[in-house]
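Q: Okay, here's the structure, questions in a sec.
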Amino acid sequence: MLESVFPNKDLTKQQQAIFDQILSFTDQGLKSPQKSIFQLNGDAGTGKSVILTQLFLNIETLAKQNKTDNYFLVNHPELLKVYQENAGEFDQLRKNRFLRPTTFINRMHKNQQQADVVVIDEAHLLLSESDNYNNFTQKNQLAEIIKLSKVVILVFDAHQVLKLKSYWSDNFLKQIIPNQVNFESATLTTQMRMQAPQKVLQWINDLTDNLQITPLEQENTDYLSMNSTYDFRVYHDAEKMYQALKTKNKEVGESRIVATADYPSTLDGKKHYVNEGEFHLPWDQYNYSNTTWAQKPETINEIGSIYTVQGFDLNYVAVIIGPSIAYDKNNRIKIDIDKYEDQEAFKKRHDNDIVNLNDVKKRIILNSMNVLLKRGVKGCFVYFHDSRIFDQLKK
532 MLESVFPNKD LTKQQQAIFD QILSFTDQGL KSPQKSIFQL NGDAGTGKSV ILTQLFLNIE
592 TLAKQNKTDN YFLVNHPELL KVYQENAGEF DQLRKNRFLR PTTFINRMHK NQQQADVVVI
652 DEAHLLLSES DNYNNFTQKN QLAEIIKLSK VVILVFDAHQ VLKLKSYWSD NFLKQIIPNQ
712 VNFESATLTT QMRMQAPQKV LQWINDLTDN LQITPLEQEN TDYLSMNSTY DFRVYHDAEK
772 MYQALKTKNK EVGESRIVAT ADYPSTLDGK KHYVNEGEFH LPWDQYNYSN TTWAQKPETI
832 NEIGSIYTVQ GFDLNYVAVI IGPSIAYDKN NRIKIDIDKY EDQEAFKKRH DNDIVNLNDV
892 KKRIILNSMN VLLKRGVKGC FVYFHDSRIF DQLKK
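So in our numbering the end of the sequence shown lands on 926, straight run, no missing numbers.
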């Protein structure tokens, strides 16, 4: 999992071409009197972070020679631990250059400084309104970072927006980026994390984009599957799925069970459980250690969330899709917003820039499924709370 964002991984032909494009853009941007912004797009698992880490290693290697002040930002505490740990493996990298966006913004304002190059991973997690709880008092984190930087390289995936207070869309992003800047973009299209054929990826995309499901080809005693080298299964029983996952964890390691936020959970120091028939496990607790959640052996006995695993690779992932996804009386899959228990995700915004609020909430729920279903390198197991979906898949 740590190696997935190591700066010395080999790049594919597409990744190398985009890396060279961004590097050239950065060099030109440092010489330009105008600000420069590069937007790297790509779905979950397409290798965006690999390009960013190699880019930052290159920039920091030349930092003393070029006299540049550079930063790498990510608004994800678990992922930040990985970047800081990896930085310790390379003499050219400094851990104090890897920061949360709010830390960077407040530090730059306090010292009245401006950075040269700022790289932002998971820019779709940036706050798009003020948030006093996170000590961010301005209106928009990306707008502030642009003000405080000469060159900004950002990774963006609209399908990974998970909260109203960090709501982004392609159009909203365009409104934030100033007109008088040097701007380029590129899009990664090849799935690099999941060793899965197109038919598996299409099945997941059909579900998370359009709430459509295709019946599966093969029926086992415990699950339905595809005739594929990638181990994709849909279970009727959550406990049987969990036991199969534990077997995989013993065989290949770093295999974890996760769930959509359809089951109550609060950070009150108490354990909160997900119950599905005979299945009974607690949600993950806040991770105060420097070791990421999935690397801790004991977390095979916990359920991870989107906030635990977003941006990470797992060998196998088992996904519980809860009550917010169900069949309606017309035998169509629907989203029940009221069943989604992540109150933080739907916390009311103070502005009025979201026109169709319910549509955006539904998109957030679909995005959370997309994030969870695309974690597994070798395999993905799925369980639906609504058993009618499983029955439909058998037809």
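Where a beta carbon is used, it is the ideal one built from N, C-alpha and C, also for glycine.
Let me know the secondary structure DSSP gives K670 once reduced to three states.
A: Residue state, collapsed to three classes: coil.
Q: Taking the beta strand (DSSP E) that F912 falls in, what are its first and last residues?
A: First-last of the beta strand (DSSP E) with F912: 907 to 915.
Q: Whole beta strand (DSSP E) runs in the stretch 601 to 637 with 3 or more residues, listed along the chain?
A: List check, beta strand (DSSP E) in window: 601 to 605.
Q: Between the stretch 886 to 901 and the stretch 863 to 871, can you find at least three pairs of beta-carbon atoms closer than 8 Å?
A: Cβ pair count under 8 Å is three or more, so yes.
Q: Are there 16 or more other CB atoms within 10 angstroms of the CB of L571, so buried, or fewer, so exposed?
A: Buried, since its Cβ has 16 or more Cβ neighbours within 10 Å.
Q: Which same chain residues end up closer than 8 Å to D917 when comparing Cβ atoms and leaving out the 5 residues on each side of it in sequence?
A: Excluding positions up to five away in sequence, the list reads P854, I856, A857, Y858.
Q: Where do the ends of the beta strand (DSSP E) carrying T718 lie?
A: Note, T718: beta strand (DSSP E), 713 to 719.
Q: Are the CB atoms of F915 and L776 nearer to each other than 8 Å?
A: Against a cut-off of 8 Å, the Cβ pair of L776 and F915 comes out as no contact.
Q: If contact is defined by three or more beta carbon pairs under 8 Å, each pair taking one atom from either stretch, is the stretch 725 to 742 in contact with the stretch 586 to 605?
A: The stretch 586 to 605, when compared against the stretch 725 to 742, does not touch it at the 8 Å Cβ threshold.
Q: In three-state DSSP terms, what is D541?
A: Note: D541 maps to coil in three-state DSSP.
Q: Drop a sphere of 10 angstroms on the beta-carbon of K801, count the other beta-carbons inside from all chains shown, and report buried for 16 or more, exposed for fewer.
A: Counting Cβ neighbours within 10 Å, K801 comes out exposed, since fewer than 16 surround it.
Q: Measure the CB-CB distance between V472 and L904 and report whether it falls below 8 Å.
A: Here the chain has residues from 532 to 926 only, and residue 472 is not among them.
Q: Buried or exposed for N862, going by 16 or more other Cβ atoms inside 10 Å?
A: By the 10 Å Cβ count, N862 comes out exposed.
Q: Just to confirm, are Y773 and F714 a CB contact at a threshold of 8 Å?
A: No.
Q: Quick check: what's the CA-CA separation for T592 versus F629?
A: Straight-line Cα distance between these residues: approximately 15 Å.
Q: Any chance the stretch 603 to 612 sits against the stretch 647 to 655, with 3 or more Cβ pairs inside 8 Å?
A: With the cut-off at 8 Å, the stretch 603 to 612 and the stretch 647 to 655 touch.
Q: Can you list, in chain order, the residues of its chain with a C-beta nearer than 7 Å to that of A548? Leave out the 5 residues immediately preceding and following it.
A: Counting only Cβ-Cβ distances below 7 Å, and skipping sequence neighbours, we find nothing.
Q: Would you mind stating whether N846 and G907 have Cβ atoms separated by less than 8 Å?
A: Cβ atoms of N846 and G907: closer than 8 Å.
Q: What is the DSSP secondary structure of D551, reduced to helix, strand or coil?
A: Helix at D551.
Q: Taking a contact to mean a Cβ-Cβ separation below 8 Å, would you say L924 touches L738 in this structure?
A: Taking 8 Å as the Cβ cut-off, L924 and L738 do not qualify as a contacting pair.
Q: Helix, strand or coil: how does DSSP classify D688 here?
A: D688: coil per DSSP, three-state reduction.
Q: Taking Cβ positions, are L695 and A825 nearer each other than 8 Å?
A: No, these two residues do not count as a Cβ contact at 8 Å.
Q: Tell me the rounded alpha-carbon separation between V692 and A575.
A: Distance between the alpha carbons of V692 and A575: 11 Å.
Q: Are the CB atoms of F550 and L586 within a distance shorter than 8 Å?
A: Yes, these two residues count as a Cβ contact at 8 Å.
Q: For the beta strand (DSSP E) containing S855, name the first residue and the last one.
A: Note, S855: premise wrong, no beta strand (DSSP E); not H, not E.
Q: Let me make sure I understand the geometry here. Which of K540, A717, K926 has the alpha-carbon closest to that of E748?
A: Among K540, A717, K926, the Cα nearest to that of E748 belongs to K926.
Q: State whether the stretch 694 to 712 contacts the stretch 653 to 670, with contact taken as three or more CB pairs (one from each stretch) at a distance under 8 Å.
A: Judged by Cβ distances under 8 Å, the stretch 694 to 712 makes contact with the stretch 653 to 670, as three or more pairs qualify.
Q: Measuring alpha carbon to alpha carbon, tell me which of I677, K781, R638 ends up nearest Q565.
A: Q565 has its Cα closest to that of I677, out of I677, K781, R638.
Q: Check whether the stretch 673 to 689 touches the stretch 703 to 713, taking contact to mean three or more Cβ pairs, one atom from each stretch, closer than 8 Å.
A: The stretch 673 to 689, when compared against the stretch 703 to 713, does touch it at the 8 Å Cβ threshold.
Q: Kindly give me the distance between the Cβ atoms of L946 and I834, rounded to whole angstroms, as I take these residues to be in contact under 8 Å.
A: With the chain running from 532 to 926 in the structure shown, residue 946 is simply not present.
Q: Is the separation between the beta-carbon of F763 and that of A727 shorter than 8 Å?
A: Yes, the Cβ-Cβ distance between F763 and A727 is below 8 Å.
Q: Report the rounded CA-to-CA distance for H803 versus K670, giving the unit in angstroms.
A: Using only the alpha carbons, I get a separation of about 34 Å.
Q: What is the DSSP secondary structure of P828, counted as helix, strand or coil?
A: If DSSP states are grouped into helix, strand and coil, P828 belongs with the helices.
Q: Does the Cβ of K579 have 16 or more other Cβ atoms within 10 Å, making it buried, or fewer, making it exposed?
A: Per the 10 Å Cβ criterion, buried.
Q: Cβ of V648 within 8 Å of Cβ of I590?
A: Yes, Cβ-Cβ distance for V648 and I590 is below 8 Å.
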